[in-house]
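Notes to accompany the following structure.
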Amino acid sequence: MDFQPVSEHQSHRIIPDGCVDIVVNLLSPSSRKAAYVVGLATRSEILHFSEARSIFGIRIYSESARAILKFPLSAFMEHPVFLEEVWGLEGLYWVEEILNAKTTSDIIEIVEHKLCQKLTDSDMPTPSLVYQSMQLMYVYKGNLSVTNLADKVHFSERHLRRVFDREIGLSPKEMLGIVRFQSILQEFYRGGYSSLTDLALKYGYNDQSHFANTFTRYYGLPLKRLTKKG
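In my numbering, the protein residues as written are 2 to 231.
This is how it looks when you write it as structure tokens:
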């Protein structure tokens, strides 16, 4: 993303998507502070820019991030962590390569080569319970209770919550909510629904106000503001 300075501050909306990001500030004067890892978001956030920005982002699905980052995602929940603290000098040299690249295509080639190498060399596979649980969340588009999820993976709810808290940093209920929100958002933009009430019922919201409040929490704007009439 590129942001050029204008008379008024520019803003960019960040919404929860169940992914962890490696963000590289391409205009950073120092490679040590140019790249950082951002943990999972649980609420919408507005970033305001008053000067030029050029940012390259790498989005990684949560169930696969451990194999690349070498740490559980719970380690990145409190605040962004500089990539050098995660990968050491290897990360620093990689960021320098990115900052010295001439084109976006060059950056993508550098990034893909490194990530493929990380996956090949990884000795930290994703915990099978996390991976299996996340795949079920995607299949059911988040429209699943924690009790049903625990039954499907053949573990107790308590154990499932403990594993998610340790590895992901979020409860399975929170992650289900994010996956469901993203599924609703995709369908909303496709326009494949007759009314907001039908959309809410399809995704298990019997209470219209609960549906509206949940959407506002994740998106930062009321759902009706996004309709053609809103």
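In this text, a Cβ means the ideal position worked out from N, Cα and C, and glycines have one as well.
Burial state of residue i, where buried means 16 or more other Cβ atoms lie within 10 Å
i, result
"LEU202", "exposed"
"GLY143", "buried"
"GLU110", "exposed"
"PRO30", "exposed"
"GLU85", "buried"
"LEU171", "buried"
Minimum C-alpha distance to residue i - residue among the options
i, options, result
"HIS80", "ASP122, PHE50, ASP22, PRO223", "ASP22"
"SER55", "ASP3, SER106, ALA42", "ASP3"
"ILE61", "VAL154, VAL38, VAL82, LEU222", "VAL38"
"LEU145", "ILE179, LEU120, ASP166", "ILE179"
"LEU28", "GLU97, PRO128, ASP122", "GLU97"
"LEU116", "LYS71, SER157, GLN133", "LYS71"
"LEU120", "SER45, SER172, ARG167, SER65", "SER65"
"HIS49", "THR198, VAL24, ALA36, ILE15", "ILE15"
"PRO17", "SER195, ARG181, ASP208", "ARG181"
"LEU177", "ILE59, ASP107, THR43", "THR43"
"ILE59", "ARG167, ALA76, ALA151, GLU113", "GLU113"
"PRO128", "ILE108, ASP199, LYS103, VAL154", "VAL154"
Cut-off 7 Å between Cβ atoms - residues of its own chain near residue i, not counting five sequence neighbours on either side
i, result
"SER63", "GLY19, CYS20, VAL21, LEU41, LEU74, MET135, ILE169"
"ALA35", "VAL25, ASN26, SER29, VAL96, LEU100"
For residue j and residue i, the rounded distance between their alpha carbons
i, j, result
"PHE1", "LYS225", "No information on residue 1 is available, as it lies outside the stretch 2 to 231 that the chain covers here."
"LEU161", "THR105", "41 Å"
"VAL82", "GLY193", "40 Å"
"TYR139", "LEU130", "14 Å"
"HIS13", "ILE47", "6 Å"
"ASP124", "ALA68", "7 Å"
"GLY205", "VAL87", "39 Å"
"ARG163", "ASN101", "43 Å"
"GLU158", "SER51", "46 Å"
"TYR190", "LEU222", "15 Å"
"ILE99", "PHE156", "43 Å"
"ASN149", "PHE57", "38 Å"
"PRO173", "LEU137", "12 Å"
"ARG218", "ARG167", "24 Å"
9 Å Cβ cutoff, residue i in contact with chain C
i, result
"LEU177", "Here chain C cannot be found, since the structure has a single protein chain."
Nonlocal neighbours in the same chain, by C-beta distance under 6 Å from residue i, ignoring five residues either side
i, result
"SER184", "LYS142, GLY143"
"LEU197", "none"
"TYR220", "ILE16, SER45"
"VAL147", "GLU158, PRO173, LYS174"
Residues of its chain near residue i, where Cβ-Cβ distance is below 8 Å and the 5 sequence neighbours each way are ignored
i, result
"LYS230", "Model confidence at LYS230 stands at a pLDDT of 43, short of 50, so the residue's coordinates are unreliable and nothing is read from them."
Check your understanding: In chain order, which beta strand (DSSP E) runs of at least 3 residues are fully inside the region 24-49?
Key -> If we require 3 residues or more, the beta strand (DSSP E) runs fully inside the region 24-49 come out as 36-39.
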